[in-house]
Amino acid sequence: MENKPYAPEPWLAWLTPVIFVACIAMFVYTMHVNNCPWNTGADKCILSRPLGRYSFQPWSENHLLGPSISTLSSLGGLERKDVVENGEKYRLLSCMWLHAGVIHLIINMTSLVLVGFRLEQEFGFLRIAPLYLLSGVGGSILSCVHQEGKKETVSVGASGALFGMLGAMFSELIANWTIYANKCMALSVLGFVITVNLSFGFIPGVDNSAHIGGFISGVLLGFVLFVRPQYGYVSKKYIAAGYDVKHRKPKYKSYQLLCWIISLILLVVG
Numbered sequence: 026m027e028n029k030p031y032a033p034e035p036w037l038a039w040l041t042p043v044i045f046v047a048c049i050a051m052f053v054y055t056m057h058v059n060n061c062p063w064n065t066g067a068d069k070c071i072l073s074r075p076l077g078r079y080s081f082q083p084w085s086e087n088h089l090l091g092p093s094i095s096t097l098s099s100l101g102g103l104e105r106k107d108v109v110e111n112g113e114k115y116r117l118l119s120c121m122w123l124h125a126g127v128i129h130l131i132i133n134m135t136s137l138v139l140v141g142f143r144l145e146q147e148f149g150f151l152r153i154a155p156l157y158l159l160s161g162v163g164g165s166i167l168s169c170v171h172q173e174g175k176k177e178t179v180s181v182g183a184s185g186a187l188f189g190m191l192g193a194m195f196s197e198l199i200a201n202w203t204i205y206a207n208k209c210m211a212l213s214v215l216g217f218v219i220t221v222n223l224s225f226g227f228i229p230g231v232d233n234s235a236h237i238g239g240f241i242s243g244v245l246l247g248f249v250l251f252v253r254p255q256y257g258y259v260s261k262k263y264i265a266a267g268y269d270v271k272h273r274k275p276k277y278k279s280y281q282l283l284c285w286i287i288s289l290i291l292l293v294v295g
């Protein structure tokens with residue numbers, strides 16, 4: 026019978042639902058503040074009668090069924106001028122919790138559920154929390170760099186953080202390559218998912234720089250946070266008396282440690 030690596034008990038995924046609810050609650054609050062009928066005129070708002078102050082901006086202004094740009098900016102949307110010139114660094118983080126519209130929100134929350142639950146069950150919230158937040162900030166930073174010398178725009182959404190999760194899944198696969206049974210299949214499927222998601226970033230109005238920044242941050246964080254002991258490693262405290270520990274497998278392979286060191290340096294320097 027073929028021996029298979031021991032599968033640990035899955036973690037309870039509670040952080041992903043919290044992020045899910047927080048993003049939805051923030052969108053509802055955003056629409057409350059936006060109050061399209063009052064600020065734009067009820068006759069111009071989409072679904073003004075059934076939704077009242079929560080109705081959407083005119084289609085010509087927002088194709089994603091959401092608030093105005095000014096509302097997103099006032100609530101913490103990412104603008105390079107505010108971050109660089111006015112010192113409002115909090116926008117690097119606050120923009121992650123805002124969404125440009127219902128369509129934007131549905132796409133991101135679907136991705137969060139599909140990717141976030143799997144990662145949190147496998148690695149726990151203590152690793153997912155820094156991955157999500159730091160990847161989001163990484164996406165925001167690259168977005169600010171990309172906006173330099175261009176027309177000022179307001180960037181919002183959890184896409185950078187979500188692409189960070191995809192990036193971490195990729196580096197986790199590479200770092201723990203030896204313990205995967207269907208290596209090529211896993212790499213092909215993940216590569217396809219990443220390529221499809223990145224391709225959406227070339228749609229006009231989508232900030233692909235935030236996606237790429239989040240993805241790169243996630244790849245580096247994955248090498249640091251998601252390294253697993255190689256199959257066959259046994260801790261010293263579980264080794265029977267008299268066993269020759271010289272023949273014990275090291276906890277990590279050399280390439281895992283190398284990736285860990287390089288990624289950590291790049292994260293600190295970057």
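Using the numbering used here, the letters of the sequence shown map in sequence onto residues 26 to 295.
Note that the Cβ used here is the ideal one computed from N, Cα and C, for glycine as well.
Only a predicted model underlies this, so the values are computations on that prediction, with no experimental measurement involved.
Handout entry: Inter-residue Cα distance where the pair is L137 and V43
Key = Spanning the two alpha carbons is a distance of roughly 11 Å.
Problem - Beta-carbon proximity of G163 to G239, cut-off 7 Å - result: Contact: yes.
Exercise for the section: Could you check which residue in I237, L215 and S119 has the C-alpha nearest to that of L223? Expected result: The candidate whose alpha carbon is nearest that of L223 is I237.
Exercise for the section: Taking N133 as the reference, give the member of C61, C48 and V170 with the closest Cα. Expected result: Selection C61, C48 and V170 evaluated against N133 yields C48 as nearest (Cα-Cα).
Problem - Boundaries of the alpha helix (DSSP H) in which Y280 is found, first to last residue - result: In this chain, the alpha helix (DSSP H) harbouring Y280 covers S279 to V294.
Problem - Touching by the beta-carbon criterion (3+ pairs, under 8 Å), the stretch 190-203 and the stretch 240-248 - result: These segments touch.
Practice task
Enumerate in chain order the residues of its own chain whose CB-to-CB distance from M121 is below 6 Å, with the five nearest sequence positions on each side excluded.
Solution key: If we look at M121 and ignore the five residues flanking it on each side, its Cβ neighbours are G161, A183 and A186.
Handout entry: Spatially closest choice to S119 from P35, M56 and S165, by CA coordinates
Key = Taking the Cα of S119 as reference, the smallest distance to any Cα among P35, M56 and S165 is reached at S165.
Handout entry: Alpha-carbon spacing of Y280 relative to G216, whole angstroms
Key = The straight-line gap separating the alpha-carbon atoms of Y280 and G216 is approximately 21 Å.
Exercise for the section: Let me know the secondary structure DSSP gives P42 once reduced to three states. Expected result: Residue state, collapsed to three classes: helix.
Exercise for the section: Consult DSSP for Y263 and reduce its assignment to one of helix, strand or coil. Expected result: Low local confidence applies: a pLDDT of 47 at Y263 is under 50, so the model's placement there is unreliable, with the coordinate-based value given in what follows. Three-state DSSP puts Y263 in a helix.
Handout entry: Cβ-based neighbour list, V181, same chain, cut-off 7 Å, excluding 5 preceding and 5 following
Key = Taken in chain order, the residues that qualify are L97, G102, L103, C120, L123, H124 and A125.
Problem - DSSP-derived helix/strand/coil call for F323 - result: A question about residue 323 goes unanswered here, because the residues of the chain that appear run from 26 up to 295.
Exercise for the section: Please list, in chain order, all residues of the same chain as L100 whose beta carbon is under 7 Å from its beta carbon, the five residues on each side excluded. Expected result: Correct list, in chain order: T55, V58 and L123.
Exercise for the section: Determine the extent of the alpha helix (DSSP H) in which L76 is found, giving its start and end residues. Expected result: Here the alpha helix (DSSP H) through L76 covers S73 to L76.
Handout entry: Cβ neighbour criterion (16 or more within 10 Å) applied to R74
Key = By the neighbour-count definition (other C-beta atoms within 10 Å, threshold 16), R74 is an exposed residue.
Problem - Coarse secondary structure for F240, derived from DSSP in three states - result: Residue state, collapsed to three classes: helix.
Practice task
Measure the Cβ-Cβ separation of I94 and V179 and say whether it is below 7 Å.
Solution key: Cβ atoms of I94 and V179: closer than 7 Å.
Handout entry: Same chain, Cβ closer than 7 Å to E92, five either side skipped, listed in chain order
Key = Inspection of the sequence shows that residue 92 is occupied by Pro rather than by Glu. So the list reads T55, M56, N59 and Q82, once near-sequence residues are dropped.
Exercise for the section: Using the DSSP secondary-structure output, state which residues sit across from L103 in a beta bridge. Expected result: S180, per the DSSP bridge assignment.
Exercise for the section: Would you tell me roughly how many angstroms separate the C-alpha atoms of N111 and V170, rounded to the nearest one? Expected result: When only Cα atoms are considered, N111 and V170 end up about 15 Å apart.
Handout entry: Reference V53, options V218, R78, V249 and E113, closest by Cα
Key = V53 has its Cα closest to that of R78, out of V218, R78, V249 and E113.
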